[in-house]
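The structure under discussion appears below in the form of structure tokens.
2 protein chains.
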Amino acid sequence: MAGTKQARRAPADRYDERRNQLAESALQTLGELGYARTSLREIANNSEFSHGVVHYYFADKFELIIYCVRYYKSRCVTRYDAVVEDSTTPEELLTAFAAKLVETVREEAAMHRLWYDLRTQSMFEEKLREAVLMIDATLEAMIWRVVSRYAELAGRPTAMTPAAAYGVLDGLFQQALLGHLTGSTVAVDSMAAQVHELMPLMLAPSAA
Amino acid sequence: MAGTKQARRAPADRYDERRNQLAESALQTLGELGYARTSLREIANNSEFSHGVVHYYFADKFELIIYCVRYYKSRCVTRYDAVVEDSTTPEELLTAFAAKLVETVREEAAMHRLWYDLRTQSMFEEKLREAVLMIDATLEAMIWRVVSRYAELAGRPTAMTPAAAYGVLDGLFQQALLGHLTGSTVAVDSMAAQVHELMPLMLAPSAA
DNA sequence: GCAAAGTCTTGACAGTCGTCAAGGGTCGCG
DNA sequence: CGCGACCCTTGACGACTGTCAAGACTTTGC
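Quick note, the sequences are listed as chains A and B, same order.
First residue of the first sequence: 651, per this note's numbering; consecutive thereafter.
First residue of the second sequence: 651, per this note's numbering; consecutive thereafter.
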């Protein structure tokens with residue numbers, strides 16, 4: 651990025667920059683209204699551009715949304731890696747992981763209800779499936795890094811497949827998110843307790 | 651209202667009958683297209699009536715959809731009760747439960763992706779929340795009947811809250827449903843295996 | 001400084017949406 | 001028979017949607 655602007659501002663840079671700006675506005679709007687009620691005009695209203703510009707940078711609505719999904723992934727997928735790297739005992743990792751989950755539900759609720767929305771839409775709309783499945787696999791891998799590191803620190807082998815570990819944790823997370831959005835004050839803390847109970851069960855029984 | 655019926659065909663009966671007919675057409679359409687793309691006209695097209703009749707029986711779109719959710723519940727919520735009642739050993743219950751889950755994903759995929767769709771919509775639309783939360787609680791109770799009966803047959807106490815048990819199983823179910831809808835042939839069987847591994851972990855460790 | 005390429009706005013299009021009013025149709029009762 | 005209540009259709013409304021073309025504004029290369 652350092653010296654790109656001298657003779658003619660590099661078109662590719664500016665192009666991607668605008669696409670990312672629009673993706674950001676789109677993510678904000680989608681997180682607020684949900685997929686069903688989000689229009690391209692509303693997305694443009696939440697940006698500094700007019701509604702026609704969307705079709706200058708994206709072929710159609712799906713291309714924008716799919717681009718958004720991928721753009722979102724690049725920010726979200728390393729969220730728990732610091733937890734993995736900084737923890738030195740299984741208890742420490744478990745507590746830090748649960749705390750990070752709680753923080754995520756509380757502070758990124760809109761973005762995550764959007765994720766669940768889009769994942770569900772992909773059950774109806776084929777065009778969304780490829781991008782959704784790719785992110786789902788990435789999230790599964792992210793969770794698996796936590797679980798396998800947890801097993802390593804505990805000195806016990808894992809007793810679940812990556813898919814199963816992701817599935818159950820995702821279920822708890824989704825439940826907590828719904829509870830949080832409906833005003834429940836205990837749902838999020840309840841999730842933390844559930845994760846504390848569940849994670850040891852993902853490892854083979856201890857020798858003791 | 652109850653006294654307005656004469657020898658003439660009881661209005662209340664016919665009224666409810668029509669509402670249920672429309673709810674059935676609506677559920678079929680919603681299961682096919684999803685919430686975002688389902689219009690009242692399309693619902694009417696999938697019934698034997700014209701599009702105007704919807705507003706004769708329902709005040710607006712939300713009243714129809716909420717009625718649908720409740721109508722759907724009445725059919726779905728006892729699905730696993732036969733499993734609970736007919737099983738005499740924990741292994742038998744577990745196998746029958748897993749088989750029923752597999753059957754449900756395979757044969758009721760449309761209806762369940764609709765359920766996940768509506769539940770996610772309730773994260774954005776307050777009007778849907780009350781009905782969704784009511785069903786969610788009913789489903790949690792349904793799952794808990796299975797788990798607690800399983801514990802009873804195994805002679806071991808449960809080691810999870812009803813919410814946690816529902817959360818993790820729902821996560822696995824949703825994962826399998828997405829896999830099934832994307833054409834995966836192993837996703838559903840994989841869920842059965844995961845349930846077999848997970849259910850024993852919901853009970854306190856055996857003495858042995 | 002000019003022409004061309006790139007960027008953005010505006011306005012319009014063909015549909016579709018939820019909603020509702022006006023009007024037939026049908027049926028049972030007096 | 002004819003009246004009135006109930007049931008349903010038809011057609012229309014205003015608003016909103018995704019899409020795109022025409023043109024204006026800006027930036028760049030020469």
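For glycine and all other residues, C-beta sits at the position ideal for the given N, C-alpha and C.
Bear in mind the structure is a predicted one, so any value in this text is a computation, not a measurement.
Within chain A, partners of residue i - CB distance below 8 Å
i	result
residue 685(B)	686
residue 788(B)	Ordered by position in chain A, no residue passes the 8 Å Cβ test against residue 788(B), which lies about 15 Å from the chain.
residue 822(B)	814, 817, 818, 821
Residue closest to residue i, alpha-carbon to alpha-carbon, out of the options
i	options	result
residue 776(A)	821(B), 761(B), 697(B), 832(B)	832(B)
residue 759(A)	850(A), 823(A), 691(A), 816(A)	823(A)
residue 781(A)	803(A), 848(A), 713(A)	713(A)
residue 810(B)	787(A), 726(A), 664(A), 845(A)	845(A)
residue 698(A)	690(A), 672(A), 709(A), 688(A)	672(A)
residue 685(A)	828(A), 774(A), 856(A)	774(A)
residue 812(B)	715(A), 808(A), 725(A), 840(A)	840(A)
residue 675(A)	663(A), 695(A), 687(A), 664(A)	695(A)
residue 753(A)	730(A), 765(A), 738(A)	730(A)
residue 801(A)	856(A), 765(A), 779(A)	856(A)
residue 828(A)	710(A), 738(A), 765(A)	765(A)
residue 838(B)	797(B), 757(B), 716(B), 725(B)	757(B)
residue 789(A)	815(A), 689(A), 727(A), 711(A)	727(A)
residue 807(B)	851(B), 738(B), 744(B)	851(B)
residue 735(A)	797(A), 702(A), 701(A), 814(A)	797(A)
residue 804(A)	816(A), 744(A), 815(A), 847(A)	744(A)
residue 715(A)	843(A), 853(A), 779(A), 738(A)	779(A)
residue 849(A)	703(A), 816(A), 761(A)	816(A)
residue 814(A)	761(A), 703(A), 836(A), 853(A)	853(A)
Residue i: contacting residues in chain B (beta-carbon distance under 8 Å)
i	result
residue 734(A)	Result: empty, since nearest Cβ-Cβ is about 21 Å, beyond 8 Å.
residue 773(A)	684, 763, 766, 767, 827, 828, 831
residue 671(A)	What residue 671(A) touches in chain B: nothing, since even the nearest Cβ is about 24 Å away.
residue 754(A)	Ordered by position in chain B, no residue passes the 8 Å Cβ test against residue 754(A), which lies about 15 Å from the chain.
residue 728(A)	Under the 8 Å cutoff, chain B gives no residues; its nearest Cβ is about 22 Å from residue 728(A).
Burial state of residue i, where buried means 16 or more other Cβ atoms lie within 10 Å
i	result
residue 784(A)	exposed
residue 763(B)	buried
residue 654(B)	The predicted position of residue 654(B) is uncertain, since its pLDDT is 34 and thus under 50; a value taken from the coordinates is nonetheless stated next. Residue 654(B) is exposed by the Cβ-count criterion.
residue 705(A)	exposed
residue 786(B)	buried
residue 799(B)	buried
residue 732(A)	exposed
residue 740(A)	buried
residue 826(B)	buried
residue 651(B)	Unreliable placement is indicated for residue 651(B), whose pLDDT of 34 sits below 50; no coordinate value is reported for it.
residue 724(A)	exposed
residue 709(A)	exposed
residue 657(B)	With a pLDDT of only 35 at residue 657(B), under the threshold of 50, the placement of this residue in the model should not be trusted; the figure read from the coordinates follows. The residue in question, residue 657(B), is exposed, as its Cβ has fewer than 16 Cβ neighbours within 10 Å.
residue 700(B)	exposed
residue 663(B)	exposed
residue 755(B)	buried
residue 737(B)	buried
residue 843(A)	exposed
residue 688(B)	buried
Partners in chain B for residue i, counting only beta-carbon separations shorter than 9 Å
i	result
residue 839(A)	Within 9 Å Cβ-Cβ: nothing; residue 839(A) doesn't reach chain B, min ~12 Å.
residue 848(A)	810, 814, 818, 851
Contacts of residue i in chain B (Cβ-Cβ under 7 Å)
i	result
residue 795(A)	Neighbours of residue 795(A) on chain B: none; closest Cβ ~18 Å, over 7 Å.
residue 779(A)	832
residue 851(A)	851
residue 745(A)	Near residue 745(A) there are no residues of chain B at all, since even the closest Cβ is about 18 Å away, more than 7 Å.
Partner residues on chain A for residue i, Cβ-Cβ distance less than 7 Å
i	result
residue 678(B)	Going along chain A, no residue has its Cβ under 7 Å from residue 678(B), so there is no contact; the nearest lies around 14 Å.
residue 783(B)	832
residue 835(B)	Simply none; closest approach about 15 Å.
Taking contact to mean 3 or more Cβ pairs, one atom from each stretch, closer than 8 Å, check whether the stretch 748 to 756 of chain B and the stretch 664 to 671 of chain B are in contact.
no
Quick test of the definition: if touching needs 3 or more C-beta pairs under 8 Å, does the stretch 681 to 692 of chain B touch the stretch 716 to 733 of chain B?
no
Counting pairs of Cβ atoms below 8 Å between the stretch 788 to 798 of chain B and the stretch 812 to 830 of chain B, do you hit three or more?
yes
To test your reading of the DSSP string, which unbroken alpha helix (DSSP H) runs of 4 or more residues are found completely within the stretch 798 to 838 of chain B?
812 to 831
Tell me, please, whether the stretch 765 to 781 of chain B touches the stretch 765 to 780 of chain A by the rule of three or more beta-carbon pairs shorter than 8 Å.
yes
Give, in chain order, every unbroken run of the beta strand (DSSP E) that is at least 3 residues long and sits entirely within the stretch 675 to 735 of chain B.
none
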